[in-house]
Structure formats: structure tokens, C-alpha cells
Amino acid sequence: MFIFADPRTWVGVAFVVFFVIFGRKLWDALRGLLDSKASVIRSDLEEAASLRAEAEKMMLRAKEERKRGQEEAAAMIERSKADAEVLEKETQQRLKEEAGNYLQRTEEQIEVMKRSAQASLQQEVLDMALKIASEVLEKDLSQNQKLREAMTEKALSGLSEVGHAS
């Protein structure tokens, strides 16, 4: 009887009786709680897996888009280089043409200026020659009276012929 006098024995007996009476219900409730927790964890894992798969797809799309963007950028750079080369050639050609036109106009202006200078020089030479000839004739005519009279008569007869002809 000594066992029954110890309070620990009664606590143990009460514990065993409690589990015998309520054990099945507690076990079912505990299992239900654990099952619901497990299903939440499973659904979270499934969601995480689907999110991971979606993230991987997005990453692949991003890589493809980046690659496509790099290819487009490289193509744009190549087109820009080609356009720049064409523009450079066109500009060089245009500059050559303009330089040639400018050179031709300059040469033409120089030629016109040469002709003008030659004509001016010829006129000056002619004026000087006439002046010198006039001075020489005047000097000679003042010294030679007969020659002067003959020339005057000849000039007057030439004038009268011109007057009769008109």
C-alpha cells in the first residue's frame, strides 16, 4: 500500500486514465493539426517551386532579351558606322567638287583680270604712242611749213569727200 500513499503514483494513474479516455481524441486533434500544418507547408513548397520556375523563366526571358538587345545594339553600331562612312565619302566628294569649282572660278577670275590688265596696258601703250606721235608730228610740222600745209589740205579734202558721201 505504500505505492498508493505516494502522490506521484496518483498523478501517473490520472495521467494514464486521462490518455485512455481522451487519448484518441487528442491524438486525432494533434494529427489533424499536424496534417493541416503539413498541407500548409506542402502548398508553400509547391508555391515556392512554381515561383522558382516562373523566376527561372523570367530570368531566361531577360537573358534572351538582353542578348537580343545586345545584337540590336551591335547591328545599330554597324549601321551607324556604315552610314558614317557613306556620309564621310559624300562629304569628301562634295568638298572636292566645291574646291574644284572654287579653283575654276578663281582661275577664271584671274584670267579675266589678266585680260583686263592687258587691255588696260595696251590702251596705255596706245595712248602713250599717240601722244608721242602727236608730239613728234607737232614738232615736225612746226618746223616744216610745206608738210603742214599739204597735210591740212589732204585732211580737208578727206572731210569734204565724207561730207559729199553722206
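Note that the sequence shown covers residues 2 to 167 in the numbering used here. Every residue, glycine too, gets a C-beta built ideally from N, C-alpha and C.
> How many whole angstroms separate the CB atoms of Asp141 and Leu148, which I take to be in contact at a CB cut-off of 8 Å?
Replying inline: 7 Å
> Does DSSP classify Ile4 as helix, strand or coil?
Replying inline: coil
>> At the level of alpha carbons, what is the spacing between Ser44 and Arg25?
In response: 28 Å
> To the nearest angstrom, how far is it from the Cα of Glu129 to the Cα of Glu136?
Replying inline: Residue 129 is actually Met in this sequence, not Glu. Going by the C-alpha atoms only, they are around 10 Å apart.
> So, are the CB atoms of Leu27 and Phe20 less than 9 Å apart?
Replying inline: yes
>> Which complete alpha helix (DSSP H) runs does the region 19-99 hold, if anything under 4 residues is left out?
In response: none
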